[in-house]
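Remarks on the structure that follows.
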Amino acid sequence: MKHYTTLWIALLILPILMLHNANAVSTLEEIRKEGVLTVCMDVRNLPYSNADPELPGLYVEIAHLLAEELGVKLELHWLNTLRDSLLADMIRGHCDCVIGVPIEERAMSESIQLGKNVDFSTPFYGTGYVLVKQKSNPENPKTLEAIKLETIGTEAGSIASDVLRQMGYNRRVYRSQIAVLDALKKGQIAYGYVWSNIGWLIEKGSRIQQPEQTETAYPELEIVKGYVPEARLRWNVAIAFSKDKPTRKTSELQDVVNTIIEQKWSAEKLQELCEKYHLPYFAPFQEDEQK
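Numbering (numbering that gives the first Met the number 0), first residue to last: 0 to 290.
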């Protein structure tokens, strides 16, 4: 009898669930109908994003490419991530997607449960920690193991700091990435191990646009050529979407975006955009390499 009761309840609920799914709004159809793609973006986070159209940042330029491929206009929903969360605002329905999200929780500082609320596109490039040295240093180490006996500076509290400590490297920590560059410039450390936006900081000295600046902030420093971030210290970067809900479907948009990334965005084009903002370009890392 209990079995039949359970079956009867299931048969009652099934049409209701089907009705909910049938009535769910398609984000892709809505975008095409309104002719607008809305993307959540940090108002001041160069080299990735910036409200000044003269120097918009990598992810803003990618957002324009995406809107162009979708055949719609781009609308940017600006946020200050010192107090707001891009992903949380997307989940609340304030935008259709967030561009430039590492596909792993430990790379994110936002306190939301990514696995339950967020889906990711195919990755469009890789990022991670890179080595920086003085230009006068002729060495271009390809691995951390090659410089294990050298003094390596990194930012306190960063993932790189934790990994270097766990691996027994000669690590020295500093309050910020700029402080690491200052120490490297003074010869207090042999290498800096910092996030890949460091190329922008070497050039500009700040994440804030300073139009009057014409000279490189740290002309004596450079990113080590040929070094690829190692396992535990690198991430694939993708476009984030809210997961499908009973009232809204995003999976169709995700499928179209994946096709655009895989078929329309060449490595050469993405590398060109990265270089414009002094960012190293890494092709998406293979999943088995990241484990």
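Note that CB positions come from ideal geometry on N, CA and C, so glycine has one too.
Problem - Contact belief for Lys-248 with Thr-37 at Cβ below 8 Å, rounded distance in angstroms - result: Numbered from 1 along the sequence shown, position 249 holds the residue referred to as residue 248. Numbered from 1 along the sequence shown, position 38 holds the residue referred to as residue 37. Contact check for Lys-248 and Thr-37: beta-carbon distance about 16 Å, past the 8 Å limit, so the pair fails to qualify.
Practice task
Determine the closest residue to Phe-281 out of Lys-244, Leu-232 and Leu-86, with distance taken between C-alpha atoms.
Solution key: The count along the sequence shown starts at 1 and reaches residue 281 at position 282. Residue nearest to Phe-281 within the set Lys-244, Leu-232 and Leu-86 is Leu-232 (criterion: CA-CA distance).
Exercise for the section: To the nearest angstrom, report how far apart Cys-39 and Ser-157 are at their CA atoms. Expected result: Within the sequence shown, residue 39 is the residue found at index 40, counting from 1. Within the sequence shown, residue 157 is the residue found at index 158, counting from 1. Computed Cα separation, rounded: 25 Å.
Exercise for the section: Please classify Pro-55: is it buried, with 16 or more other beta-carbons within 10 angstroms of its beta-carbon, or exposed? Expected result: On the sequence shown, position 56 is the one that residue 55 refers to. By the neighbour-count rule (16 or more Cβ atoms within 10 Å), Pro-55 is buried.
Exercise for the section: Can you grab the Cα-Cα spacing for the pair Leu-200 / Glu-74, in whole Å? Expected result: In the sequence shown, the residue the question calls residue 200 occupies position 201. In the sequence shown, the residue the question calls residue 74 occupies position 75. Roughly 28 Å separates the two Cα atoms.
Exercise for the section: Specify, as a first and last residue, the run of the alpha helix (DSSP H) that Thr-26 falls within. Expected result: If you number the sequence shown from 1, residue 26 lands on position 27. In this chain, the alpha helix (DSSP H) harbouring Thr-26 covers 26-33.
Exercise for the section: Would you verify that the beta carbon of Arg-31 is, or is not, closer than 8 Å to some beta carbon of chain D? Expected result: No chain D appears in this structure, which consists of one protein chain only.
Exercise for the section: Tell me whether Lys-141 is buried or exposed, calling it buried when 16 or more other Cβ atoms sit within 10 Å of its Cβ. Expected result: Taking the first residue of the sequence shown as 1, we reach residue 141 at position 142. Note on Lys-141: under 16 other CB atoms within 10 angstroms of its CB, so exposed under the neighbour-count rule.
Practice task
Pick helix, strand or coil for Cys-273, following the three-state DSSP scheme.
Solution key: For the purposes of this step, residue 273 is identified with residue 274 of the sequence shown, where counting begins at 1. Three-state result, Cys-273: helix.
Handout entry: DSSP-derived helix/strand/coil call for Ala-74
Key = Sequence index remark: in the sequence shown, residue 74 carries index 75 (1-based). Looking at the sequence shown, residue 74 is not Ala but Glu. For Glu-74, the secondary structure class from DSSP, reduced to helix, strand or coil, is strand.
Handout entry: Supposed close pair Leu-148, Lys-184 - CB separation, criterion 8 Å
Key = Here residue 148 refers to the residue found at position 149 when the sequence shown is read from its first residue. Here residue 184 refers to the residue found at position 185 when the sequence shown is read from its first residue. Wrong, their Cβ atoms sit about 22 Å apart, outside the cutoff.
Exercise for the section: Buried or exposed for Met-89, please, with buried defined as at least 16 other CB atoms from any protein chain shown within 10 angstroms of its CB. Expected result: Within the sequence shown, numbered from 1, the residue matching residue 89 stands at position 90. Classification of Met-89: buried, given that the 10 Å Cβ count is 16 or more.
Problem - Thr-126 (DSSP reduced to helix, strand or coil) - result: One-based indexing of the sequence shown puts residue 126 at position 127. Secondary structure at Thr-126: strand, using DSSP grouped into helix, strand and coil.
Handout entry: Minimum length 4: unbroken alpha helix (DSSP H) runs contained in the segment 131-166
Key = DSSP assignment within the segment 131-166 yields the following whole alpha helix (DSSP H) runs of 4 residues or more, N-terminal first: 158-165.
Exercise for the section: Can you tell me which of Phe-284, Ile-146, Asp-51 and Leu-252 puts its alpha carbon nearest to the alpha carbon of Ala-296? Expected result: Lying outside 0 to 290, the shown extent of the chain, residue 296 is not represented and no answer is given.
Practice task
Would you kindly report the start and end of the unbroken beta strand (DSSP E) that includes Asn-169?
Solution key: For the purposes of this step, residue 169 is taken as the residue at position 170 of the sequence shown. Premise fails: Asn-169 is in no beta strand (DSSP E) and is neither H nor E.
Handout entry: alpha helix (DSSP H) segment containing Ile-201, residue limits
Key = If you number the sequence shown from 1, residue 201 lands on position 202. Run containing Ile-201: 197-203, per the alpha helix (DSSP H) assignment.
Handout entry: Beta-carbon contacts of Val-296 that lie in its chain and below 8 Å, excluding the five residues immediately before and after
Key = Look at the range of the chain in this structure, 0 to 290, and you will see that residue 296 is not part of it.
Exercise for the section: Go ahead and pull the three-state DSSP assignment for Ala-239. Expected result: Along the sequence shown, one-based indexing puts residue 239 at 240. Ala-239: strand per DSSP, three-state reduction.
Handout entry: Pair within 8 Å by beta-carbon distance, Asn-235 and Gly-92
Key = In the sequence shown, residue 235 corresponds to position 236, counting from 1. In the sequence shown, residue 92 corresponds to position 93, counting from 1. Not closer than 8 Å, so no.
Practice task
Determine the contact status of Leu-294 and Gly-198, defining contact as a CB-CB distance below 8 Å.
Solution key: Outside the displayed range of the chain (0 to 290) lies residue 294, so it cannot be described from this structure.
Practice task
Please list, in chain order, all residues of the same chain as Thr-150 whose beta carbon is under 7 Å from its beta carbon, the five residues on each side excluded.
Solution key: Within the sequence shown, numbered from 1, the residue matching residue 150 stands at position 151. Correct list, in chain order: Asn-169, Arg-171, Ile-188 and Ala-189.
Problem - Residue span of the alpha helix (DSSP H) that contains Val-59, given as start and end - result: Against the sequence shown, residue 59 aligns to sequence position 60. Segment 57-69, the alpha helix (DSSP H) holding Val-59.
Handout entry: Selection from Glu-271, Glu-251, Gln-270 and Lys-268 that minimises the alpha carbon distance to Glu-29
Key = Position 30 of the sequence shown holds residue 29. Answer by Cα proximity: Glu-251.
Handout entry: Pair within 8 Å by beta-carbon distance, Asp-118 and Phe-240
Key = For the purposes of this step, residue 118 is identified with residue 119 of the sequence shown, where counting begins at 1. For the purposes of this step, residue 240 is identified with residue 241 of the sequence shown, where counting begins at 1. Going by C-beta atoms, Asp-118 is nearer than 8 Å to Phe-240.
Exercise for the section: Compute the Euclidean distance between the alpha carbons of Val-162 and Glu-53, then round it to the nearest angstrom. Expected result: Locating residue 162 in the sequence shown gives position 163, where the first residue counts as 1. Locating residue 53 in the sequence shown gives position 54, where the first residue counts as 1. Looking at the two C-alpha atoms, the distance is approximately 38 Å.
Handout entry: Through-space distance from Arg-82 to Leu-6, alpha-carbon basis
Key = In the sequence shown, the residue the question calls residue 6 occupies position 7. In the sequence shown, the residue the question calls residue 82 occupies position 83. With a pLDDT of 42 at Leu-6, under the threshold of 50, the predicted position of this residue should be treated as unreliable, and no value is reported.
Practice task
Output the distance between the C-alpha atoms of Thr-215 and Ser-205, rounded to the nearest integer angstrom.
Solution key: In the sequence shown, the residue the question calls residue 215 occupies position 216. In the sequence shown, the residue the question calls residue 205 occupies position 206. For Thr-215 and Ser-205, the distance between alpha carbons rounds to 11 Å.
Handout entry: Inter-residue Cα distance where the pair is Gly-99 and Pro-137
Key = Taking the sequence shown and counting its residues from 1, the one referred to as residue 99 is at position 100. Taking the sequence shown and counting its residues from 1, the one referred to as residue 137 is at position 138. Spanning the two alpha carbons is a distance of roughly 33 Å.
Exercise for the section: Name the residue from Cys-94, Glu-229 and Lys-224 whose alpha carbon lies nearest to the alpha carbon of Ala-159. Expected result: Along the sequence shown, one-based indexing puts residue 159 at 160. For the options Cys-94, Glu-229 and Lys-224, the alpha carbon positioned closest to that of Ala-159 is the one of Glu-229.
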